[in-house]
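The numbering of the sequence shown is my numbering, which starts it at 183 and goes up by one.
For glycine and all other residues, C-beta sits at the position ideal for the given N, C-alpha and C.
See below for the structure under consideration.
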Amino acid sequence: MRFYFNLVSDHDVILDDTGVEVPDLQTAKIEAAKAIRELRQELSGTKEDWLGWRLEIVCSSGEVLHRVDLGMLLH
183 MRFYFNLVSD HDVILDDTGV EVPDLQTAKI EAAKAIRELR QELSGTKEDW
233 LGWRLEIVCS SGEVLHRVDL GMLLH
């Protein structure tokens, strides 16, 4: 299955147009956690900069399957 990791806030959406091919949602959650760790390492800023942002795991039909609040996790 192909899953996409979109970054979403109340005002902006950054769509993942590539996605990742993994066997199931659980594996997609593991890959999302890796992506969040990479964001943490690559981006500077404070926790407040990420308040209101979330990473949404979306299937190929566009259904949101899981959400992660980035304001609670980054920095």
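Apart from the five residues on each side of it in sequence, which residues of its chain come closer than 8 Å, Cβ to Cβ, to residue i?
i: alanine 217; result: Phe187 and Leu237
Just the Cα atoms here: how many angstroms apart are residue i and residue j?
i: leucine 247; j: glutamine 223; result: 25 Å
i: leucine 252; j: alanine 214; result: 11 Å
i: tryptophan 235; j: aspartate 199; result: 18 Å
i: aspartate 192; j: arginine 249; result: 14 Å
i: methionine 254; j: proline 205; result: 28 Å
i: arginine 219; j: leucine 225; result: 10 Å
Leaving out the 5 sequence neighbours to the left and right, which residues in its chain are closer than 6 Å to residue i when beta-carbon positions are compared?
i: valine 190; result: Arg236 and Glu238
i: leucine 197; result: Asn188
i: glutamate 203; result: Arg184
In the DSSP output, what is residue i paired with across the bridge?
i: histidine 248; result: Ile239
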